[in-house]
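Reviewing the structure listed below.
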Amino acid sequence: MATPPQAYTDVVARIARAAQAAGRDPSSVTLVAVSKTQAWDAIEPVLSAGQRVFGENRVQEAMARWDGKADDLTLHLIGPLQTNKAREAVQFFDAIETLDRERLARALADEMLKQGRAPRFYIQVNTGEEDQKAGVAPAAADSFIAACRTTYGLKIEGLMCIPPADEPPGPHFALLGKIAARNGLERLSMGMSGDFETAIRFGATSVRVGSAVFGARS
0 MATPPQAYTD
10 VVARIARAAQ
20 AAGRDPSSVT
30 LVAVSKTQAW
40 DAIEPVLSAG
50 QRVFGENRVQ
60 EAMARWDGKA
70 DDLTLHLIGP
80 LQTNKAREAV
90 QFFDAIETLD
100 RERLARALAD
110 EMLKQGRAPR
120 FYIQVNTGEE
130 DQKAGVAPAA
140 ADSFIAACRT
150 TYGLKIEGLM
160 CIPPADEPPG
170 PHFALLGKIA
180 ARNGLERLSM
190 GMSGDFETAI
200 RFGATSVRVG
210 SAVFGARS
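According to numbering that gives the first Met the number 0, the sequence shown holds residues 0 to 217 in order.
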């Protein structure tokens with residue numbers, strides 16, 4: 000079994016190959032290494048190998064893991080965010096990828112005003128309209144993007160999705176790309192360990208890869 004640094008090097012090479020195959024510059028795709036639930040001894044070698052962008056699912060877990068270690072890193076929140084954690088999320092994360100409802104947009108806007116800090120925001124779109132999954136419905140995405148921008152003054156950087164596990168991801172990535180294009184958004188966070196090469200073909204600008212880098216979560 001490959002060690003995390005070997006697996007990391009392999010994922011970076013696969014991202015580059017997928018980008019080149021799509022006629023894209025490999026530097027146009029950011030690897031977000033999903034460090035959630037990983038032990039520090041799995042993360043540290045990947046950090047040492049040069050990875051500087053990490054994704055976390057839970058606010059408290061991320062703060063415990065990265066406190067005092069995140070100075071030259073970029074941390075993305077990629078898990079659902081409760082409004083009562085908005086203060087910590089704005090304080091700690093560089094990017095929040097799971098904005099999906101007006102109540103949360105309001106809480107984040109209030110915290111940004113109080114803290115004078117402005118993380119980058121992605122709106123999560125529930126492309127498969129799955130009941131158990133967070134995210135705004137595709138049909139409601141345009142009006143929600145507009146509300147985030149105009150009502151709450153949030154700078155929306157891009158869109159994020161997690162396709163249904165039992166469907167081909169390509170159509171979901173294509174749908175996300177269409178919503179982004181018509182709203183003037185250039186950043187697409189899509190693709191995970193099993194489908195990031197497909198996501199790059201459909202225009203992903205960041206891919207969220209965990210198990211392919213670190214191995215199965217403990």
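Cβ coordinates follow ideal geometry from the N, Cα and C atoms, glycine included. These numbers come from a predicted model, not from an experiment.
Only exposed fits residue 83, as fewer than 16 other CB atoms lie within 10 angstroms of its CB. Residue state for residue 38 is assigned as coil, using DSSP reduced to three classes. As for any alpha helix (DSSP H) of minimum length 4 sitting wholly inside the stretch 66 to 145, the runs are 85 to 91, 101 to 114, ordered along the chain. Residue 207 sits close to residue 77, with the two beta carbons spaced by under 8 Å. Under the 10 Å beta carbon count, residue 0 is surrounded by fewer than 16 other beta carbons and is classified as exposed. Annotated three-state conformation of residue 203 is coil, per DSSP. Taking the Cα of residue 188 as reference, the smallest distance to any Cα among 170, 194, 89, 158 is reached at 158. CA-CA distance, residue 190 to residue 102, rounds to 27 Å.
Separation of residue 111 and residue 80 (C-alpha to C-alpha, rounded to the nearest whole angstrom) is 15 Å. Under the three-state reduction of DSSP, residue 54 is assigned to strand. Looking at the DSSP output, residue 186 shares a beta bridge with 157.
As a beta-bridge residue in DSSP terms, residue 33 pairs with 54.
DSSP, read as helix, strand or coil, puts residue 28 in coil. By the CB criterion at 8 Å, residue 75 and residue 94 fall inside the cutoff.
Rounded to the nearest whole angstrom, the C-alpha separation of residue 182 and residue 121 is 13 Å. If you draw a 10 Å sphere on the C-beta of residue 118, you find 16 or more other C-beta atoms in it, and that means buried.
Residues of the same chain with a CB within less than 8 Å of the CB of residue 164, apart from the 5 flanking positions on each side, do not exist.
Bridge partners of residue 208 according to DSSP: 32.
The C-alpha of residue 160 is placed about 8 Å away from the C-alpha of residue 172. Of the candidates 38, 26, 19, the residue whose Cα lies closest to the Cα of residue 3 is 38.
The Cβ atoms of residue 162 and residue 127 lie closer than 8 Å to each other. Note on residue 186: 16 or more other CB atoms within 10 angstroms of its CB, so buried under the neighbour-count rule.
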